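**Q**
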Amino acid sequence: MLEKIKQTVAYIKTKVTIEPEFGIILGTGLGGLVKEIKNQQCLEYKNIPNFPISTVEGHSGRLIFGELGGKPVVAMQGRFHFYEGYDMKQVTFPVRVMKFLGIKHLFVSNASGGVNPDFEIGDLMIINDHINLLPNPLLGPNNNELGPRFPDMHKAYDKELIALSKKVASDNGISVKEGCYVGTTGPTFETPKEYQYFRIIGGDAVGMSTVPEVIVARHMNLPVFAISIITDLGVPGKIVEVSHEEVQKVGNMAEQKMTLIMKHMLEQL
Ligand code: HPA
Numbered sequence: 002m003l004e005k006i007k008q009t010v011a012y013i014k015t016k017v018t019i020e021p022e023f024g025i026i027l028g029t030g031l032g033g034l035v036k037e038i039k040n041q042q043c044l045e046y047k048n049i050p051n052f053p054i055s056t057v058e059g060h061s062g063r064l065i066f067g068e069l070g071g072k073p074v075v076a077m078q079g080r081f082h083f084y085e086g087y088d089m090k091q092v093t094f095p096v097r098v099m100k101f102l103g104i105k106h107l108f109v110s111n112a113s114g115g116v117n118p119d120f121e122i123g124d125l126m127i128i129n130d131h132i133n134l135l136p137n138p139l140l141g142p143n144n145n146e147l148g149p150r151f152p153d154m155h156k157a158y159d160k161e162l163i164a165l166s167k168k169v170a171s172d173n174g175i176s177v178k179e180g181c182y183v184g185t186t187g188p189t190f191e192t193p194k195e196y197q198y199f200r201i202i203g204g205d206a207v208g209m210s211t212v213p214e215v216i217v218a219r220h221m222n223l224p225v226f227a228i229s230i231i232t233d234l235g236v237p238g239k240i241v242e243v244s245h246e247e248v249q250k251v252g253n254m255a256e257q258k259m260t261l262i263m264k265h266m267l268e269q270l
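Just add 1 to the spot in the sequence shown (first one is 1) and you have my numbering.
(1) Name the DSSP beta bridge partners of Tyr-158, please?
(2) Under a three-way DSSP split, which group does His-273 fall into?
(3) Going by DSSP, what residue range makes up the alpha helix (DSSP H) through His-131?
(4) Compare the Cα-Cα distances from Ala-227 to each of Gly-148, Glu-22, His-106 and report the closest residue.
(5) Whole angstroms is fine: what's the gap from Asn-144's alpha carbon to Lys-167's?
(6) Would you identify the three-state DSSP class for Glu-246, choosing helix, strand or coil?
(7) Mind checking Gly-148: buried by the 16 CB within 10 Å criterion, or exposed?
(8) Straight-line CA distance for Gly-62 to Leu-44?
(9) Check Thr-232 in the structure and name its three-state DSSP category.
(10) Can you name, in chain order, every residue of its own chain whose Cβ lies under 6 angstroms from the Cβ of Phe-199, other than the five neighbours on each side?
(11) So, with DSSP's three-state summary, where would you put Phe-23?
(12) Nearest chain D C-beta to Asn-137 closer than 8 angstroms, yes or no?
(13) Reducing DSSP to helix, strand and coil, say where Ser-171 ends up.
(14) Quick check on the DSSP output: the beta strand (DSSP E) that includes Met-77 runs from which residue to which?
(15) Here's a check: name, in chain order, each residue in its chain whose Cβ is nearer than 8 angstroms to the Cβ of Leu-27, leaving out the five neighbours to either side.
(16) Buried or exposed for Val-241, going by 16 or more other Cβ atoms inside 10 Å?
(17) Can the beta-carbon of Ser-113 be found closer than 8 angstroms to that of Ile-25?
(18) I'd like to confirm something about Phe-190: is its beta-carbon nearer than 7 angstroms to some heavy atom of the ligand HPA, or not?
(19) Go ahead and pull the three-state DSSP assignment for Ser-113.
(20) Write down the C-beta distance between Val-177 and Ile-122 rounded to the nearest angstrom, noting that I regard them as a contact closer than 8 angstroms.
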């Protein structure tokens, strides 16, 4: 895998002059942050050696290099999901590449279903922990050059970045929730009892992404900040019918708040 990572990084460096310090993964309906990136240099996934190709509706599949909040960034517009049929090494490959491009922090966003009864549709949830119900992306032989065999996960989400995000949110009059994200394979949304189960085991929200990328980032000791937009609720009495279109619509509505938080965080880092 190391060879493939190096090959991909070498290709990117022939095409792009920006040296990113921050990696950003944009979730469903959250691609609008891209408009804020200045001096863009873009690469289509389909042209990047060893990159899988994004298939899901609402994801366009580009790496966007540029400046956000005055910092050099690389943003993934469109991510790879396990439910699309990629294996976990493919799902997380771009995180390896971003690390080898030199990023020092990873910012991740997603859309999720809230299972905490205090949540409302459109809320932002800062992720402070996760429960992984997907196959672990580190299964198989370990490459010690990438990270340890048994990576620690008790500090998966960087406490200083969480504190900064809350300060930035309150400085800008944005209210945020905080909680634990349960990562599932999808592609089905949950039954009422499944939502209830995720609440009982300690979850605040459930979604089909993020956890694999966070595990791989932490394997390489990359600090992570992650934020979730609650696009639907799996709370008894509040359960709504959910569709991919609805998830995209609510995502689009909340993305300005999320973009503002990330941008101001970057300015202060
Ligand atoms: N469940 C799983 N994934 C999701 C949901 C949900 O309710 N909403 C957005 N992504």
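Here a beta-carbon is modelled for each residue, glycine too, at the ideal position from N, C-alpha and C.
Treat the numbers as computed from the prediction; the structure is a model and nothing was measured.
**A** Looking at the coordinates:
(1) Looking up residue 158 in the sequence shown gives position 157. Answer is none; Tyr-158 lacks a bridge partner.
(2) The structure shown does not extend to residue 273, since the chain spans only 2 to 270, so no value can be given for it.
(3) Stepping through the sequence shown from its first residue, residue 131 is reached at position 130. Segment 125 to 133 is the beta strand (DSSP E) holding His-131; no alpha helix (DSSP H) there.
(4) Translated into positions along the sequence shown, residue 227 becomes position 226. Checked all of Gly-148, Glu-22, His-106; the closest Cα to Ala-227 is His-106.
(5) Start at 1 with the first residue of the sequence shown, and residue 144 comes out as number 143. Start at 1 with the first residue of the sequence shown, and residue 167 comes out as number 166. If I take the Cα positions, the gap works out to 36 angstroms.
(6) Position 245 of the sequence shown holds residue 246. Three-state DSSP puts Glu-246 in a helix.
(7) Here residue 148 refers to the residue found at position 147 of the sequence shown. The residue is buried, with at least 16 neighbouring Cβ atoms inside 10 Å.
(8) The count along the sequence shown starts at 1 and reaches residue 62 at position 61. The count along the sequence shown starts at 1 and reaches residue 44 at position 43. Taking the straight line from one Cα to the other gives about 9 angstroms.
(9) Working through the sequence shown from its first residue, we reach residue 232 at position 231. Here Thr-232 sits in strand by DSSP.
(10) Your numbering for residue 199 matches position 198 in the sequence shown. If we look at Phe-199 and ignore the five residues flanking it on each side, its Cβ neighbours are Val-116, Val-183, Val-207.
(11) Within the sequence shown, residue 23 is the residue found at index 22, counting from 1. Strand.
(12) Among the chains in the structure shown there is no chain D, since it carries only a single protein chain.
(13) Here the question's residue 171 lines up with position 170 in the sequence shown. Of the three classes helix, strand and coil, the one that applies to Ser-171 here is helix, per DSSP.
(14) The residue you call residue 77 lines up with position 76 of the sequence shown. 72 to 78 is the span of the beta strand (DSSP E), which, as asked, contains Met-77.
(15) Residue mapping note: residue 27 aligns to position 26 of the sequence shown, counting from 1. Answer for Leu-27: Leu-34, Val-35, Ala-76, Met-77, Gln-78, Gly-79, Arg-80, Ser-110, listed in chain order.
(16) Sequence index remark: in the sequence shown, residue 241 carries index 240 (1-based). Its Cβ having fewer than 16 others within 10 Å, Val-241 is exposed.
(17) Numbered from its first residue, the sequence shown carries residue 113 at position 112. Numbered from its first residue, the sequence shown carries residue 25 at position 24. No, they are not a contact pair.
(18) Sequence index remark: in the sequence shown, residue 190 carries index 189 (1-based). Yes, the Cβ of Phe-190 comes within 7 angstroms of a heavy atom of the ligand HPA.
(19) Reading the sequence shown from its first residue, position 112 is the one you call residue 113. Residue state, collapsed to three classes: strand.
(20) On the sequence shown, residue 177 is found 176 positions in, with the first residue counted as 1. On the sequence shown, residue 122 is found 121 positions in, with the first residue counted as 1. Contact flag wrong, Cβ pair sits at about 15 angstroms.
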